[in-house]
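Residue numbers (this note's numbering), protein chains in the order written: chain A, 716 to 965; chain B, 391 to 737.
Reviewing the structure listed below.
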Amino acid sequence: MSREAPPIYPLIRNVGLSGMLVSFGDQLDEATNRATLAFRSAVNVLGLSGVVETATSLASVFVRFDAVELPHDRLRGALAELLLTRDWYQAPLPDGRRFWRVPTVYGTELAPQLEEAADLAGVSEAAAIEELGAARVRALTIGFAPGQPYLGTLGENWDIPRQSEVTPQVPVGALVLAIRQFVLFSTASPTGWRHVGQTGLTLFQPEAADPFALRAGDELQFEPVSRAAFLRLRDSGAQQGGAIVSEVTS
Amino acid sequence: MRALRVLRIGPSCTVQDRGRVGYLGQGLSQGGAADTLALAEGAALLRQDAGLAALEMAGMGGLFEASAPMRIALTGAEMVATLDGAPLVWNASHRIEPGQRLEIGPAKRGVYGYLHVGGGFATPELLGARAAHLVAALGAPVTKGDTLPVGAEMLPAARQVTGLGLRVADRFSGGELRLVESFQSDLFPPEVRRRFAATPFTPGRRASRMALQLMSEGAGFAAEGQLNVLSEIIVPGDVQMTGDGRPFLLLREAQTTGGYPRIGTVLPCDLSRAVQAAAGAVLRFRWVTLEDGLAQQAAHEAAVAALPSACRPLLRDPADMADLLSYQLIGGAISAEADPFETGAET
């Protein structure tokens, strides 16, 4: 291994010339994800002059800043101090979360890598559809493309690696899978993850008053429907592919 | 409204400005002009704000006609440009009249050329910018038959100058890209990082506004356990290794997060050199410390701020010429190949 010792979290590291990353872990779990959502919001509340924008990834909070106005040492100090103010791993999830039930076709030519993913997870295709369709997953972070969620966490058998080759293109609404997570594609895009399901969701509508459909913390379930039922929904122009949305009362 | 009609155009031309800041947390990368220095140069030549939108032309320009008198500037990758058949100097500003044909051909050096107009292009704003971000399905390429609206000149008539030129250092032939270590650099053994900096790369065919593929001989540049790293934030300039250890330089329109690890991050001030490296150019990487990187970036920003004062008249003002009648003012059209600062009124 190139690392001399395992890192101790939370960990503050530089990103390029003018970014800083506060990481709460190196794998995905419930507490780590809640910590990132709460810490990002606390950094925003701090309102440090020189901070340009913040974002979360799965287990980290990213801070982009103007290194002339806010030198590295000063930002690092402020972030370290903020880390000490509470136990971030115990933070509650954000308010105003929603639950989306999304009609999804698994496999077929619409989602051609279900079989491959099921093999890697050591289950039959039928068992895969049952497991994936029953999972209630949370939007752990929004990223990669506009409004696009990383969703987790799936059972341990779904800890399958990315492909070594990139798939040149999956369509909007594609449900792809790797490392115990789904990603639901908001735009047609290349990916190294396996395309297991197809939905009719449109996550980014740039001309809408609220262009981004999902928020980090929202919960989703991808309910299996037949290919024929999926095509009927699509051809009837059902809003958001027939997804049903309700508030999560925590 | 003033407008520029598009009579013919290359396949990958888009309106670009400095892009959108503040949507990273929603998964939308900044985007904007591939060569941000070219945006600043055009703004300096037209004496206007560098936030205005210009037309970015990837490899090939087009044929344009103005609906009203307007000022233009040409920057970035050097392209063959003519106005009603007469050569126009690149890295300079010019005036065009209604009905005149502005023709911009293929790039002679570099990749992205820019056509700026006085007042900027006034295409619709989406999420606070006019920049097309095709990966995010924001905007569309400019096509034949389009009419590009042009914004009002913000300058008083007396200050709407043209005929200014800029000397531009070569950033179109490859060369050195300086990079700093980032949070995943230590996933790559020190030997791999050294070998990366000792390896010459050429731009691959998979070049886009998202990323530049980097080709090299020999082994790839693998990290430890690299197919199972958690997806993390991406910043422009990151050099990402795909599964087989082949590098991609991520640009301003890249995805905002990714799981393939990044060996380091190229300084923002070196990205114009990277995106303007055409097929066959050789790029090399050099590691610099964070302190050096910050100092070099600050020096670059100071030079950009000084661009307006670096613009100089292409020709001497006839009013300054005592023996005006001895000059041949019309017949000697300027060659696009010649150095505009050495030609003109000195015949």
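We put the beta carbon where it would ideally sit given N, CA and C, even for glycine.
How about residue i and residue j: do their beta carbons lie closer than 9 Å?
i	j	result
B:Gly553	B:Gln438	no
B:Gly417	A:Ser901	yes
B:Pro590	B:Arg663	no
A:Phe913	A:Ala889	Residue identity differs from the one stated: residue 913 of chain A is Gln in this sequence, not Phe. It is a contact, given that the beta carbons lie within the stated cut-off.
B:Val570	B:Leu680	yes
A:Gly915	A:Gly956	yes
A:Arg895	A:Gly867	yes
B:Gly466	B:Gly500	yes
A:Val678	A:Leu736	Given that chain A is displayed from residue 716 to residue 965, the structure contains no residue 678 of chain A and the question cannot be resolved.
B:Phe586	B:Ile653	yes
A:Arg853	A:Leu935	yes
A:Gln884	A:Gly907	no
B:Ala497	B:Pro593	no
B:Ala393	B:Ala458	yes
A:Leu726	A:Ser738	yes
A:Ile875	A:Ala850	no
Give a yes or no on whether 9 Å exceeds the smallest Cβ distance from residue i to chain B.
i	result
A:Glu922	yes
A:Tyr804	no
A:Pro861	yes
A:Ala793	no
A:Thr856	yes
A:Tyr724	no
A:Thr902	yes
A:Ser879	yes
A:Val758	no
A:Gln742	yes
Kindly say whether residue i, judged by its beta-carbon, lies nearer than 9 Å to any beta-carbon of chain A.
i	result
B:Ala688	yes
B:Ser716	Note on B:Ser716: pLDDT 47, under 50, position unreliable in the model; no value is reported.
B:Pro730	Residue confidence for B:Pro730 is low, a pLDDT of 46 falling below 50, so the modelled location carries little weight; the figure read from the coordinates is stated next. With 9 Å as the cut-off, B:Pro730 does not count as an interface residue toward chain A.
B:Glu566	no
B:Glu607	no
B:Thr741	Absent from the structure is residue 741 of chain B, since the part of chain B shown begins at 391 and ends at 737.
B:Pro658	yes
B:Asp628	yes
B:Leu407	Checking the displayed sequence, the identity of residue 407 of chain B turns out to be Asp instead of Leu. No, because no Cβ of chain A sits closer than 9 Å to the Cβ of B:Asp407.
B:Gln603	no
B:Val665	no
B:Gly633	yes
B:Ser662	no
B:Ser353	No information on residue 353 of chain B is available, as it lies outside the stretch 391 to 737 that chain B covers here.
B:Ile623	yes
B:Gly508	no
B:Thr404	no
B:Gly415	yes
Should residue i be labelled buried (16 or more other beta-carbon atoms within 10 Å of its own) or exposed?
i	result
B:Gly409	buried
B:Val411	exposed
B:Val396	buried
B:Ser716	Any answer about B:Ser716 is weak, because its pLDDT of 47 lies below 50 and its placement is not dependable; what the coordinates show is given next. Exposed is the call here.
B:Ser699	exposed
A:Thr769	buried
B:Glu468	buried
B:Met631	buried
B:Glu487	exposed
B:Glu622	buried
A:Ser904	buried
B:Ser483	buried
A:Glu745	exposed
Taking 8 Å as the cut-off, is the CB of residue i close to at least one heavy atom of the ligand MN?
i	result
A:Gly734	By its list of ligands, the structure shown contains no ligand whatsoever, and the ligand MN lies outside what it can speak to.
Kindly indicate the opening and closing residues of the alpha helix (DSSP H) around residue i.
i	result
B:Arg584	580–587
B:Phe591	No alpha helix (DSSP H) contains B:Phe591, which DSSP labels as neither H nor E.
B:Gln603	No alpha helix (DSSP H) holds B:Gln603; the beta strand (DSSP E) holding it covers 601–605.
B:Leu569	Run containing B:Leu569: none in the alpha helix (DSSP H); it sits in the beta strand (DSSP E), 564–570.
A:Asn759	745–761
A:Leu797	787–798
A:His910	A:His910 -> not in any alpha helix (DSSP H); beta strand (DSSP E) instead, spanning 909–914.
A:Phe945	942–950
A:Glu846	840–849
How far does the beta strand (DSSP E) with residue i in it reach, from first residue to last?
i	result
B:Gln406	403–406
B:Ala482	482–486
A:Ser775	775–780
B:Ala463	460–473
Note down, in chain order, every chain D residue with its Cβ under 8 Å from the Cβ of residue i.
i	result
B:Gly683	In the structure shown, chain D cannot be found, because the protein chains are A and B.
The region 537–552 of chain B / the region 498–512 of chain B touching (three or more Cβ pairs under 8 Å): yes
Inter-stretch contact (C-beta, 8 Å, three-pair minimum) for the region 804–819 of chain A and the region 951–964 of chain A: yes
Contact between the region 596–608 of chain B and the region 635–650 of chain B (3+ Cβ pairs under 8 Å): These segments touch.
Segment contact, 8 Å Cβ cut-off, at least three pairs: the region 922–942 of chain A with the region 857–873 of chain A: yes
Contact the region 433–448 of chain B vs the region 510–523 of chain B: 3+ CB pairs below 8 Å: yes
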